[in-house]
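A.B. asks: First residue of the sequence shown? That's 249 in the working numbering, and the numbers climb one at a time after it. Using N, Cα and C, we set each Cβ at its ideal position, and we do this for glycine too. One structure is given below, represented as structure tokens, and several questions about it will come after.
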Amino acid sequence: MVRLMRSSYCKQKNLTKYKRRMKKIIYSLAVLALLFTDTSCNSNDDGGQQEIKIPGITFDGDVECCSADEAVQIYQFLQTVKIIPELTTVVDGQYTVSVYNSTGTLHTGYNDLYFIANKVASGNYIKEFSVSGISPVMLMTKMNMKHSTPISGGVKSFNSGFTAVKHGWISFVMPTSESGYWTIGYDANVLGRKGSLAATEINVEALPAGQEWIKSFKSGDNTYYLSLVNPTSFVTGKNDIQAYVSVKSHVATNPYELASDEFVIDIDPRMPDMGNHTSPDNSALKRSTDGSYRGTINLTMTGLWRIHLTVKDLQGNIVAGGDNLKDGFSSLFWDVTL
């Protein structure tokens, strides 16, 4: 009994620590949005200009690089995220491209990725660059097989008026384990100079118990993946809920792109530890202009929520899930613990 209580306490402690760490994601996004709309950070109260100094950066008037105001915005954003060191690459010996997220680590399910390019000579941030060809591959050594995983439809500027920070995402279908490991590569173009990160081994952690953010279903000849976006930002009460629907490539090692098929995803959140009670005022996820699916979810109390999913086509026919919901069970669900 003592051992059981200690194990339960440790699991809850680890889950709490993990949730606190992961909640930095939504904070980072808010900080980035705020900083990119505020360019007065180097003005003093008298209307004069203070000298801007950023560690490791020299401002030399290089038109390839950000202005001092722009550089401050990026630098302050970078204080809210951590670098994923394995994913840094050098382009033409003149530039580096680095990748960041809230923790500097990767886990199963949805992961934000932020790309920043620097000029080696001055350390300053580059205004214009692009990233493409993100290629995550799982090498299943025991089975001698390879496969990929869902990725964003492209790497885009976080703000259309500010191009120095790019955003994309990867949703890993499984963690690194004794059975296999992940590699990631990508291509970069910095001011016409091309470079790439060759396939590099990275570690993908398993989510703690009570968190399952990616699920799959089959329809016809296709396998689809449902990736829940950053549920660690959920609070008790009503929440906006966002997800992506990706389709498995016919070539297993090619990344799984966003599905062209359009669905409606009904949600029925229930608490399996509390008699499978549900909650009112939930709205189905429908596809928006950015390619994601958005709806509303009402989580009335803390604890484990199992979000049962019913995927329908636009004619209302059930494609996947939705089975035996009257008894609080479904073959298709996400788990989120508040």
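Compute the Euclidean distance between the alpha carbons of P194 and G357, then round it to the nearest angstrom.
C.D. replies: Lying outside 249 to 586, the shown extent of the chain, residue 194 is not represented and no answer is given.
A.B. asks: At the level of alpha carbons, what is the spacing between T471 and E460?
C.D. replies: 18 Å
A.B. asks: Hey, how far is the Cα of L524 from the Cα of S475?
C.D. replies: According to the sequence as given, residue 524 is Asn; it is not Leu. The straight-line gap from Cα to Cα measures roughly 23 Å.
A.B. asks: What's the gap between the Cα of M519 and the Cα of I489?
C.D. replies: The alpha-carbon atoms of M519 and I489 are separated by roughly 17 Å.
A.B. asks: Based on DSSP bridge pairs, tell me the residues matched to F193.
C.D. replies: In the structure displayed, the chain extends from 249 to 586; residue 193 sits before or after that span and is not available.
A.B. asks: Give, in chain order, every unbroken run of the alpha helix (DSSP H) that is at least 4 residues long and sits entirely within the segment 366-397.
C.D. replies: none
A.B. asks: Counting only the same chain and skipping the five closest in sequence on each side, list residues whose C-beta sits under 8 Å from that of G296.
C.D. replies: Note that G296 scores 49 on pLDDT, short of 50, meaning its location in the model is unreliable; the coordinates nonetheless yield the value given after this. None.
A.B. asks: CA-CA distance, E376 and F325?
C.D. replies: 18 Å
A.B. asks: Contact defined as beta carbons within less than 8 Å: I believe I364 pairs with C313. What is the distance between those atoms, to the nearest angstrom?
C.D. replies: Not a contact, Cβ separation roughly 12 Å.
A.B. asks: Identify whether M549 lies in helix, strand or coil by the three-state DSSP scheme.
C.D. replies: coil
A.B. asks: Below 8 Å CB to CB, which residues in the same chain sit around P503 once its five sequence neighbours on both sides are set aside?
C.D. replies: I382, S383, P384, S396, T397, P398, I399, S497
A.B. asks: Count the other CB atoms, across all protein chains shown, that sit within 10 Å of the CB of P528; report buried if there are 16 or more and exposed otherwise.
C.D. replies: exposed
A.B. asks: What span of residues does the alpha helix (DSSP H) with D317 cover, start to end?
C.D. replies: It spans 316-326 - the alpha helix (DSSP H) in which D317 sits, taken as one unbroken run.
A.B. asks: Using 8 Å as the threshold, is the C-beta distance between A500 and Y541 below it?
C.D. replies: With contacts defined by Cβ atoms closer than 8 Å, A500 and Y541 do not form a contacting pair.
A.B. asks: Checking the sheet assignment: what are the DSSP bridge partners for M519?
C.D. replies: H525
A.B. asks: Rounded to the nearest angstrom, what separates S315 and V403 at their Cα positions?
C.D. replies: 23 Å
A.B. asks: E449 bridges to which residues according to DSSP?
C.D. replies: T431
A.B. asks: Using only alpha-carbon positions, find the residue among H556, N359, G428 that is nearest to K390.
C.D. replies: G428
A.B. asks: Hey, how far is the Cα of A412 from the Cα of I566?
C.D. replies: 43 Å
A.B. asks: I'd like the list of long-range same chain contacts for Y348, defined as Cβ closer than 6 Å, with 5 residues on each side in sequence excluded.
C.D. replies: V329, I331, Y362
A.B. asks: Quick one: grab the DSSP three-state call for T306.
C.D. replies: T306 falls in the coil class under three-state DSSP.
A.B. asks: Is the beta carbon of S225 sitting closer than 8 Å to the one on D435?
C.D. replies: Residue 225 lies beyond the range of the chain shown here (249 to 586); nothing can be said about it.
A.B. asks: Among L506, L387, T548, which has the Cα closest to the Cα of T537?
C.D. replies: L506
A.B. asks: Report all residues from its chain with a CB closer than 8 Å to the CB of D521; omit the five preceding and five following residues, and keep chain order.
C.D. replies: Contacts found: G551, L552.
A.B. asks: What does a CB cutoff of less than 7 Å around F511 pick up in its chain, not counting 5 residues either side in sequence?
C.D. replies: V493, V559, K560, D561, V567
A.B. asks: Out of H355, M386, N437, F465, which has the shortest C-alpha to C-alpha gap to P248?
C.D. replies: Since the first residue of the chain shown is 249 and the last is 586, residue 248 is not available in this structure.
A.B. asks: Among F482, M388, A369, whose alpha-carbon lies nearest the alpha-carbon of M422?
C.D. replies: Answer by Cα proximity: M388.
A.B. asks: Pick out whichever of F406, V320, V438, F482 has its Cα sitting closest to the Cα of W417.
C.D. replies: F406
A.B. asks: Can you name the start and end residues of the beta strand (DSSP E) that T337 belongs to?
C.D. replies: Residues 337-339.
A.B. asks: Excluding the five sequence neighbours on either side, which residues of its own chain have a C-beta within less than 7 Å of the C-beta of T548, listed in chain order?
C.D. replies: T484, S527
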